[in-house]
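Visitor: In our numbering, the protein residues as written are 26 to 195.
All C-beta atoms, glycine included, are put in the ideal place defined by N, C-alpha and C.
Predicted model, so just to flag it, every value in this text is computed and none were measured.
Okay, handing you the structure first.
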Amino acid sequence: MRRFIAFAILLAASAASPARTFESCVSLENSADIARLVHELDSLKMAHRVGRAMVCVDGDDGSAFSAVLSKLFADPSRRRHLEIPRTPSGVAAESFTFYDTAMQAALEATLRRKGIWFAKDASGTLWYEVTSEAVVGQEIFGIAESRGSNQRSDPTVETDARKSGARGAP
26 MRRFIAFAIL
36 LAASAASPAR
46 TFESCVSLEN
56 SADIARLVHE
66 LDSLKMAHRV
76 GRAMVCVDGD
86 DGSAFSAVLS
96 KLFADPSRRR
106 HLEIPRTPSG
116 VAAESFTFYD
126 TAMQAALEAT
136 LRRKGIWFAK
146 DASGTLWYEV
156 TSEAVVGQEI
166 FGIAESRGSN
176 QRSDPTVETD
186 ARKSGARGAP
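Rendered as structure tokens:
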């Protein structure tokens, strides 16, 4: 959660910069690592933004940023960066990652129908404006509930109780 707050702050702060579709960002907890990265970006004259534990560059510089991270940090988990979309209204973005493609497709259709802005990054993560967070949360809950009730009422879906031969209410 703390990481997403940092994303939101950075996106809000960078809304005035030239319109780009995505930003490439990395979260680093160690201030010495942040200082090393900033020094390297400065020496390469690569434009960047720093906020709390996040360092971001414009999406166009994403591959160069990835190369800098690989050079500075041997541990792959420390050099993994995210691409964060910029929203049309300039407010911060929040994300949700689905592991169920049918649920994601249902949510995308609902958001499209309701006219709520969203974007998907290369990894399939769904991004939306933080001002839509309550609506998106309600929609996710509603889709999950309806899928759960459909499975309970579908006689072809085997519950664990039916599989084990247990008697009584499903």
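Going by CA-CA distance only, name the one from R74, K70 and E65 that's closest to S49.
Guide: Looking up residue 49 in the sequence shown gives position 24. The candidate whose alpha carbon is nearest that of S49 is R74.
Visitor: What separation, rounded to the nearest whole angstrom, lies between the Cα atoms of T150 and V51?
Guide: Within the sequence shown, the letter at position 125 stands for residue 150. Within the sequence shown, the letter at position 26 stands for residue 51. If you take the alpha carbons of T150 and V51, they lie about 16 Å apart.
Visitor: Which partner residues of Y153 appear in the DSSP bridge assignment?
Guide: Counting from one through the sequence shown, the residue named residue 153 turns up at place 128. According to DSSP, which records beta bridges pairwise, Y153 is partnered with E119 and F143.
Visitor: In this structure, does DSSP put F166 in helix, strand or coil?
Guide: As a first step, residue 166 is located in the sequence shown; it is residue number 141 there, counting from the start. Three-state result, F166: helix.
Visitor: Using 8 Å as the threshold, is the C-beta distance between A72 and V80 below it?
Guide: As a first step, residue 72 is located in the sequence shown; it is residue number 47 there, counting from the start. As a first step, residue 80 is located in the sequence shown; it is residue number 55 there, counting from the start. Contact: no.
Visitor: Is F143 near E133, with beta carbons less than 8 Å apart?
Guide: On the sequence shown, position 118 is the one that residue 143 refers to. On the sequence shown, position 108 is the one that residue 133 refers to. In terms of Cβ geometry, F143 and E133 form a close pair [threshold 8 Å].
Visitor: Return the chain-ordered list of same chain residues with a C-beta closer than 7 Å to the C-beta of V116, the five sequence neighbours on each side being excluded.
Guide: The count along the sequence shown starts at 1 and reaches residue 116 at position 91. Closer than 7 Å at Cβ, skipping near neighbours: A37, E154, V155 and T156.
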